[in-house]
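Trainee:
Residue numbers (full-length UniProt numbering): 1 to 280.
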């Protein structure tokens, strides 16, 4: 396979290039000053894909950290999300929330806008508003997260623009095979959230054995496994040493046997979400 590095990208279906390796900002810190410092550390380490969301309350931290870095905005790939409350209230609320996101991020556009949790009966309506934002040039790519099988079909039968990215659970214990296969067959890039299961990966013997083989830790092996599955991955941490360690995954390559051993750990343990049974 092509040698991967920190700057490796995947080309989305519309030609936009998205980094394969990025930084997640959910729950990284409660205060703005802490967020700015942590995201600034991530930028210093070399992260350029920054994943945020309205509900994370980290958009302003992302915007301020980018401004403080002195690095050109166009060198970053910013991903944010539309939350359920806005989707339930309709077009005006979605557009207002999006403009507020731009203001907090201190940018005129976002690289990826994701529908965070599709609301039953509202997915097509919300997506149409997102398509309008895409056509306006304020959004470079569109994505979905936490989507159910029936919603895939509902959307592709009614949309003008197919999703460019799907962000969903993907880790050794939950490979989310239906969604991953669906995305692969429809040219949709797959992005993993919570790729290391909040550190629980470190307790899995198979991964520990493989990590010893390469003189790496289990988290590094898991993140490398993501990339070799052609999955965009966005680990999160508040610790700069961990940011550096997480990114130290480009000097080794897992063998096919290693990949298959990790693949066989799959139990679809996380794959039990159904938006129809959540009311938020």
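Ideal Cβ placement from N, Cα and C applies to all residues, glycine included.
#1: My output table needs one value for residue 274: the three-state DSSP class, helix, strand or coil.
#2: Do residue 126 and residue 94 have their CB atoms nearer than 8 Å?
#3: Considering only residues of the segment 49–93, which uninterrupted beta strand (DSSP E) runs meet the minimum length of 3 residues and lie entirely inside it, listed in chain order?
#4: According to DSSP, is residue 125 part of a helix, a strand, or is it coil?
#5: Sorted by chain position, which residues of the same chain lie with C-beta nearer than 7 Å to residue 151's C-beta, five sequence neighbours on each side aside?
#6: Exposed or buried, what is residue 33 when buried is set at 16 or more other beta-carbons lying within 10 Å of its beta-carbon?
#7: Three-state secondary structure (DSSP) at residue 18?
#8: Of the residues 113, 185, 182, 207, which one's Cα is nearest the Cα of residue 264?
#9: So the beta strand (DSSP E) residue 189 belongs to, where does it begin and stop?
#10: Which whole-angstrom value describes the C-beta separation of residue 23 and residue 42, a residue pair presumed to lie in contact below a C-beta threshold of 8 Å?
#11: Please look up how many angstroms separate the CB atoms of residue 51 and residue 244, rounded, as I've assumed it's under 8 Å.
#12: With a cut-off of 8 Å, do at least 3 Cβ pairs link the segment 101–111 to the segment 59–67?
#13: Just to confirm, is the Cβ distance from residue 192 to residue 165 under 8 Å?
#14: For the beta strand (DSSP E) that residue 169 lies in, which residues bound it at each end?
#15: What first and last residue would you give for the beta strand (DSSP E) that runs through residue 151?
#16: Please state the DSSP three-state secondary structure of residue 35.
#17: Can you list, in chain order, the residues of its chain whose CB lies under 7 Å from that of residue 76, leaving out five sequence neighbours each side?
#18: Taking the alpha-carbon of residue 238 as reference, which of 3, 81, 10, 29 has the nearest alpha-carbon?
#19: Report the rounded CA-to-CA distance for residue 271 versus residue 173, giving the unit in angstroms.
#20: Would you check if the distance between the CB atom of residue 288 and the CB atom of residue 210 is smaller than 8 Å?
#21: Between residue 12 and residue 21, what straight-line distance do the alpha-carbon atoms span, to the nearest angstrom?
#22: Evaluate residue 143 with the Cβ neighbour count: other Cβ atoms within 10 Å of its Cβ, from every protein chain shown; 16 or more gives buried, anything less gives exposed.
#23: Can you look up residue 8 in the DSSP assignment and give me helix, strand or coil?
#24: In chain order, what residues of the same chain have a beta carbon less than 6 Å from the beta carbon of residue 4, not counting five sequence neighbours either side?
#25: Residue 184: buried (16+ other C-beta within 10 angstroms of its C-beta) or exposed?
#26: Can you name the residues that DSSP bridges to residue 281?
#27: Reducing DSSP to helix, strand and coil, say where residue 42 ends up.
#28: Could you spell out the range, first to last residue, of the beta strand (DSSP E) harbouring residue 114?
Mentor: In short:
#1: Residue placement at residue 274 is poorly supported in this model, since its pLDDT is 49, which falls under 50; the coordinates are not used for a value here.
#2: yes
#3: 49–51, 77–82
#4: helix
#5: 118, 123
#6: exposed
#7: strand
#8: 207
#9: 189–193
#10: 4 Å
#11: Incorrect: roughly 19 Å between the Cβ atoms, too far for contact.
#12: yes
#13: no
#14: 165–169
#15: Note, residue 151: premise wrong, no beta strand (DSSP E); alpha helix (DSSP H) at 149–156.
#16: helix
#17: 48, 50, 66
#18: 29
#19: Note that residue 271 has pLDDT 47, beneath the 50 cutoff, so the model's placement of it is unreliable and no number is given.
#20: For the chain, the structure presents residues 1 to 280; residue 288 sits outside this window and is missing.
#21: 14 Å
#22: buried
#23: coil
#24: 227, 250
#25: exposed
#26: The structure shown does not extend to residue 281, since the chain is modelled only from 1 to 280, so the question has no answer here.
#27: helix
#28: 112–115
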